[in-house]
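**Student:**
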Amino acid sequence: MAQAAVTTRLKKLINTPETEVRDALEGMAAAHADLIRVEFDPNVIIRKDAPRKGKVGLVSGGGSGHEPMHGGYVGLGMLDAACPGAVFTSPTPDQMARATKAVDGGAGVLHIVKNYTGDIMNFEMAAELARGEGAKVNAVVTNDDVAVQDSLYTAGRRGVGVTVLLEKIVGGCAEAGADLETVTNLAKKVNANGRSMGMALTSCIVPAAGKPTFDIADDEMELGIGIHGEPGRERTKLKSADEIAEVLTSTVVNDLPFKRGDEVLAFVNGMGGTPLIELYVVYNAVNKYLSGQGIKISRSLVGSYITSLEMAGCSVTLLKLDSETTKFWDAPVHTPALRWGV
Amino acid sequence: MAQAAVTTRLKKLINTPETEVRDALEGMAAAHADLIRVEFDPNVIIRKDAPRKGKVGLVSGGGSGHEPMHGGYVGLGMLDAACPGAVFTSPTPDQMARATKAVDGGAGVLHIVKNYTGDIMNFEMAAELARGEGAKVNAVVTNDDVAVQDSLYTAGRRGVGVTVLLEKIVGGCAEAGADLETVTNLAKKVNANGRSMGMALTSCIVPAAGKPTFDIADDEMELGIGIHGEPGRERTKLKSADEIAEVLTSTVVNDLPFKRGDEVLAFVNGMGGTPLIELYVVYNAVNKYLSGQGIKISRSLVGSYITSLEMAGCSVTLLKLDSETTKFWDAPVHTPALRWGV
Amino acid sequence: MAVTNRQIVSWLERYAAVVAEQKQYLTGLDAAIGDGDHGINMDRGFQTVLVKLAPVRDNDVGSLLKTTGMALVGSVGGAGGPLYGTFFLRAGAALDGKAEVGADELVAALEAGLKGVVERGKANRNDKTMVDALAPAIDRARQYLGEGASLEDVLAAAADAAEEGMKATIPLKALKGRASYLGERSIGHQDPGATSSYLMLRALSDSVAAVPERASRSTT
Amino acid sequence: MAVTNRQIVSWLERYAAVVAEQKQYLTGLDAAIGDGDHGINMDRGFQTVLVKLAPVRDNDVGSLLKTTGMALVGSVGGAGGPLYGTFFLRAGAALDGKAEVGADELVAALEAGLKGVVERGKANRNDKTMVDALAPAIDRARQYLGEGASLEDVLAAAADAAEEGMKATIPLKALKGRASYLGERSIGHQDPGATSSYLMLRALSDSVAAVPERASRSTT
Ligand SMILES: Nc1ncnc2c1ncn2[C@@H]1O[C@H](COP(=O)(O)OP(=O)(O)O)[C@@H](O)[C@H]1O
Ligand SMILES: Nc1ncnc2c1ncn2[C@@H]1O[C@H](COP(=O)(O)OP(=O)(O)O)[C@@H](O)[C@H]1O
Ligand SMILES: [Mg+2]
Ligand SMILES: [Mg+2]
Ligand SMILES: [Mg+2]
Ligand SMILES: [Mg+2]
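Residue numbers (my numbering), protein chains in the order written: chain Z, 1 to 342; chain P, 343 to 684; chain A, 685 to 904; chain V, 905 to 1124.
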């Protein structure tokens, strides 16, 4: 079974594992030349018109294999630069240092970092380098994954779905001309008000590894999966979409907790190998569950926005909204992956 | 192997095969209440503000399992209504008749039909019903799939990727207030200037069937696959993304044929189970091949816009552009799946 | 002798049961040269037919068949929906208002149904479609009628001819429908629609043979 | 007796070869409790190290180690990159300008490297990280130095201690890095970083033992 799965899922539209990231970056550069420019060695995706004088620069980054995150979010009203690492491996400090320099318009730069040991340490080294060159750099860490308990005994909750929402909302704020402190505080607020949980039906395959990161039986699913295929809370029997949606959503709701009367942005995300029709089935169940709880969905996002290569599965992210975050969510955005209002 | 593949790929985020389409439609209705309304029995997705007085109504439809097509394209500047059939099965005449009535603003209605025997016959019956009630109805058939030779000895080329581009371009024209004849002629022009070809790495599973539509070895791919998993031109050994892109693109280029100096819209589409990073790898290869041919990509679209459930694979569509089609491609659109300029 | 509305209902119910039972088989045939949904489509359609017939079982033969056609058109989709739907709508139109019909009327109605299928689908014989089961069946029925055969014999002969026609689709290259995309690769496979059409005519012959006319009379 | 720049180069080349050879093994360990890329990351890093070292093989020990650290920081990514990068940068800084170094200097440099790893990663002993291989190795080396052991014996003892520390990570519950997400489920698996750290120290001991001091002298 596992063996069969292995060989079956090895099928990828790539040339070689070594060239996959570079080929994809060249493809992005060609497809979105109106929005971004891509530099290589170190690899950085930069907003075409960066640096924007007087605008706080937003820089994010992480391993590749999560597309469209982060490169797909570079553009007006969102990120100024993204640093793509090797597949599932955080980028290196020279990338973030270059990105920081390229987008620094004099108002300082905010690093948006997902909470993984590697990402934290590489961004820290990059910030040290950038500050050494006189840049003003703040960092915000996203850690919204409720599947991992946040305690002294772990590296802390992982950064997942909220990162996408944060990049959009904080991007709107920075575009409006807010200063570094304001932008940084908003970023912290967004992270503090969002929670996520994911699940997987199948494993992904790191191309360089050439086999599934984990084996999973045909009647099983992994609850609380990480976006790198890290095992989650528990391995259970496959359940219906309604049951899965209820487990994910109720766990998220109870963690913050979200309360009756709250207005939320509901984000149902596909892991990369899940078709849109299934995401709408899940969204329908999430919507029914939340209305039952008296929680109002005032904004929504359904699609594959933070993925794990070809993994089949989904995640549910809820973000408690207020007038400020709603305003900046609605603000115009024009990136390869998210666009509205322009 | 096949057996393993079967059980592995059977994993879906659904409740039951019977309820999948309905659940997904309810999810769409909830997620996009600002853009669309959904009627059930007969199932129709209707633009929220339809009928628009004096505007030609655009109605499309087809089997479910191709999301976001067609329901995801209902909204300003694109379709007025879409009729979702059972998975991979064309909708029924009562659906198209209802959609036609719901969007008829007095300027007539255009049916956009993909060239499959079932779709053609059901839309024909629907048109007969609608005309019986006094509606002015034209129909345009898309048949851009070069994998199937168009001859007296087949049902003709299948309608695939061009359908998406046609719905956008003709939608822009109808939104601008053109009359039924103008809209119909533009639709025919778009279809005449576009060609597509697809391939699959894995099969999809029709939920009601419960097993892959076709078996494919771990080192094989199907070239010329249809969006319902219909076998294509040939079964070959798995090739690199560059080789695959060249086969698809060159076949498409030589069929129309596209010539040195032509300006095209290049559309690299994912089949549902293929992650975005791989689509950019393919787009990069398509771009290199076309520049080598002296064909200029002046517009592009990369993503999963016409899918086959969880099938892994891609298709390449090229559309020869002129000032009119370019203008209407660029025109504002606001639908669940495509949005810009507004 | 005649076929009563009761026998028509038992035919349609019997065929619905056969389709449900053969669902996987028909779908498998379609997976080989089509898109693997023919059994699913036909089963969805005839389950709907059962629901729609329940309240009108005592209606005349024509209206029973038209109800069946409408149910199929509205629930099957695909190629099968319009084709089988048209078949029953046309057959029903030919038998408007009749509580029971003679063998010649019944055969004429089936012929009208076939005519509708051909108008809708534009298939010729040997295009590897349901027409290849229906057309020979009508021919054989006409021949038996001419020879003064009994109703049972006429319908049994028609079913036999449909079966032969169905089997004869195996070596054919498909020229219509999804299977035609396969060109040469469609050769060697039995056409799913021809198969469902054969099963339909066999069910008709079986039900008429099974429900002795007198018994049915007594109930009307 | 001393370790020459030549021996340092042969150590780094030997370790690069070991990592390439053990790539799948290290990645497998990481797949069990992490994200399955440690071997891939380390191999990418040390292939880069080989490229960067080639033109500067004759540089002093400090600059060779700093070159290695920079190469790792710039190519590995993940947690391994900053940690191994910091390890070599700090060790190199401690040996600035030296064409050859004594046993005590070398151990002090390794200790500086460990200090850097701990500052960067904030791991304590028994958190199930590379620290659990490095720290005991430094302790054991210090002990042997104190007892006046030879360079070869000091490094062999350090490698042995690292191996014990590596094995001792198996029963531990991870408190740092990706493995900590697993909580109890991390118990029973050997830590990949501790494993690559053990292999690094074993390669050091092997290269020093393999290249007799006199031979190296003669080339400087
Ligand atoms: N033009 C046609 N005329 C008559 N019968 C046809 C035609 N096209 C297809 N068919 C029949 O329809 C069958 C397929 O039906 P079905 O699978 O339900 O529809 P679809 O092909 O839309 O999935 C074929 O086996 C064939 O017998
Ligand atoms: N905070 C830390 N301090 C020291 N070592 C750590 C820490 N976090 C992780 N490690 C080491 O890093 C190893 C994982 O490295 P690697 O797989 O390359 O990075 P990543 O976890 O980012 O994929 C772990 O096995 C562990 O030994
Ligand atoms: Mg990693
Ligand atoms: Mg079908
Ligand atoms: Mg079919
Ligand atoms: Mg790792």
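Where is the CB? At the ideal position from N, CA and C, for every residue including glycine.
Taking 7 Å as the cut-off, is the beta-carbon of residue 699 of chain A closer than that to any non-hydrogen atom of ligand 1?
**Tutor:** Residue 699 of chain A: no, Cβ never under 7 Å from ligand 1.
**Student:** Counting only beta-carbon atoms, is residue 855 of chain A nearer than 8 Å to chain P?
**Tutor:** Chain P, which has no Cβ nearer than 8 Å to the Cβ of residue 855 of chain A, makes this no.
**Student:** Could you tell me whether any non-hydrogen atom of ligand 4 is closer than 7 Å to the CB of residue 404 of chain P?
**Tutor:** Every heavy atom of ligand 4 is 7 Å or more from the Cβ of residue 404 of chain P, so no.
**Student:** Run the proximity test for residue 322 of chain Z: is its beta-carbon closer than 7 Å to any non-hydrogen atom belonging to ligand 1?
**Tutor:** Checking the Cβ of residue 322 of chain Z against ligand 1 gives no.
**Student:** Taking only beta carbons into account, state which residues of the stretch 202–217 of chain Z come closer than 8 Å to chain P, listed in chain order.
**Tutor:** Listed by position, the residues of the stretch 202–217 of chain Z near chain P (Cβ gap below 8 Å) are 202.
**Student:** Of the choices P:540, P:550 and P:424, whose alpha-carbon is the least far from that of residue 592 of chain P?
**Tutor:** Of the listed residues, the one whose Cα sits closest to residue 592 of chain P is P:540.
**Student:** Can you give me, in chain order, the residues of the stretch 958–978 of chain V that have a beta carbon less than 8 Å from any beta carbon in chain Z?
**Tutor:** Flagged, chain order: 977 and 978.
**Student:** Starting from the C-beta of residue 1016 of chain V, find all residues in its chain whose C-beta is less than 8 Å away, skip the five residues before and the five after it, and write them out in chain order.
**Tutor:** Within the same chain, residue 1016 of chain V has close Cβ partners 994, 995, 997 and 998.
**Student:** By the criterion of Cβ-Cβ separation under 8 Å, what are the contact partners of residue 1080 of chain V in chain Z?
**Tutor:** By Cβ distance, chain Z contributes 117 and 155.
**Student:** Can you pull the chain A neighbours of residue 464 of chain P, defined as C-beta to C-beta under 7 Å?
**Tutor:** In chain order: 761, 765 and 766.
**Student:** Within 10 angstroms of its Cβ, does residue 675 of chain P collect 16 or more other Cβ (buried), or is it exposed?
**Tutor:** Buried, by the Cβ-count rule.
**Student:** Taking residue 161 of chain Z and residue 328 of chain Z to be in contact with their CB atoms under 8 Å, please state how far apart those CB atoms are, rounded to whole angstroms.
**Tutor:** No, residue 161 of chain Z and residue 328 of chain Z are not in contact; Cβ-Cβ is about 17 Å, not under 8 Å.
**Student:** I'd like to know whether the C-beta atoms of residue 906 of chain V and residue 1005 of chain V end up nearer to each other than 8 Å.
**Tutor:** Yes; because the gap between Cβ atoms is below 8 Å, this pair is in contact.
**Student:** Starting from the N-terminal side, write out each stretch of the alpha helix (DSSP H) that is 4 residues or longer and does not extend beyond the stretch 784–843 of chain A.
**Tutor:** Qualifying alpha helix (DSSP H) stretches, in chain order: 787–805 and 815–830.
**Student:** List the residues that DSSP assigns as beta-bridge partners of residue 541 of chain P.
**Tutor:** DSSP lists P:565 and P:656 as partners of residue 541 of chain P.
**Student:** Taking 8 Å as the threshold (C-beta atoms), are residue 307 of chain Z and residue 66 of chain Z in contact?
**Tutor:** Taking 8 Å as the Cβ cut-off, residue 66 of chain Z and residue 307 of chain Z qualify as a contacting pair.
**Student:** How many Å lie between residue 447 of chain P and residue 509 of chain P at the Cα?
**Tutor:** Each residue's Cα considered, the two are about 18 Å apart.
**Student:** Can you tell which of P:566, P:680, P:443 and P:449 has the C-alpha that lies nearest to the C-alpha of residue 469 of chain P?
**Tutor:** If we check each option's Cα against that of residue 469 of chain P, P:443 comes out closest.
**Student:** According to DSSP, what are the bridge partners of residue 454 of chain P?
**Tutor:** Per DSSP, P:402 and P:482.
**Student:** When you compare the stretch 692–705 of chain A with the stretch 642–659 of chain P, are there three or more beta-carbon pairs, one atom per stretch, that lie closer than 8 Å?
**Tutor:** These segments do not touch.
**Student:** With DSSP run on the structure shown, which of helix, strand or coil describes residue 67 of chain Z?
**Tutor:** Coil, per DSSP.
**Student:** Establish whether the CB of residue 148 of chain Z and some CB of chain V are separated by less than 8 Å.
**Tutor:** Yes, contact with chain V.
**Student:** By Cβ distance, which residues of its chain are closer than 8 Å to residue 746 of chain A, with the 5 residues on each side in sequence left out?
**Tutor:** Taken in chain order, the residues that qualify are 776, 777, 778, 779, 780, 781 and 782.
**Student:** With 16 other CB atoms within 10 Å as the buried threshold, where does residue 149 of chain Z fall?
**Tutor:** So residue 149 of chain Z ends up on the exposed side.
**Student:** Just to confirm my understanding: we take residue 734 of chain A, look at its own chain, exclude 5 residues before and 5 after, and list those with CB closer than 7 Å. What are they?
**Tutor:** So the qualifying residues of the chain are 697 and 700.
**Student:** Name the DSSP bridge partner or partners of residue 270 of chain Z?
**Tutor:** Looking at the DSSP assignment, residue 270 of chain Z forms a beta bridge with Z:314.
**Student:** Would you check if the distance between the CB atom of residue 61 of chain Z and the CB atom of residue 1085 of chain V is smaller than 8 Å?
**Tutor:** Result no, Cβ atoms of residue 61 of chain Z and residue 1085 of chain V do not sit closer than 8 Å.
**Student:** List, in order along the chain, the chain A residues whose C-beta lies closer than 7 Å to that of residue 427 of chain P?
**Tutor:** Ordered by position in chain A, the residues that pass the 7 Å Cβ test against residue 427 of chain P are 761.
**Student:** When the Cα of residue 527 of chain P is compared with those of P:456, P:364, P:667 and P:380, which residue comes out closest?
**Tutor:** Closest by alpha carbon: P:667.
**Student:** Assuming the contact rule is C-beta atoms closer than 8 Å, residue 103 of chain Z and residue 47 of chain Z should be a hit. Round their C-beta distance to whole Å, please.
**Tutor:** Right, their Cβ atoms sit about 7 Å apart.
**Student:** What number of angstroms, rounded off, separates the C-alpha of residue 97 of chain Z from the C-alpha of residue 40 of chain Z?
**Tutor:** In a straight line, the C-alpha of residue 97 of chain Z is about 14 Å away from that of residue 40 of chain Z.
**Student:** In the DSSP assignment, what are the bridge partners of residue 607 of chain P?
**Tutor:** Paired residues: P:641 and P:661.
**Student:** Quick one: residues in its chain with C-beta nearer than 6 Å to the C-beta of residue 841 of chain A, no 5 flanking neighbours on either side, listed in chain order?
**Tutor:** Taken in chain order, the residues that qualify are 824 and 828.
**Student:** Can you tell me whether residue 195 of chain Z is buried or exposed, with buried defined as 16 or more other CB within 10 angstroms of its CB?
**Tutor:** Its Cβ being crowded by 16 or more others within 10 Å, residue 195 of chain Z is buried.
**Student:** Inspect the beta-carbon positions of residue 849 of chain A and residue 763 of chain A and report whether they are closer than 8 Å.
**Tutor:** Contact flag unset, no.
**Student:** By Cβ distance below 8 Å, which residues in the same chain neighbour residue 360 of chain P in space, the five residues on each side in sequence not counted?
**Tutor:** Once the five neighbours on either side are set aside, the close Cβ partners of residue 360 of chain P are 550.
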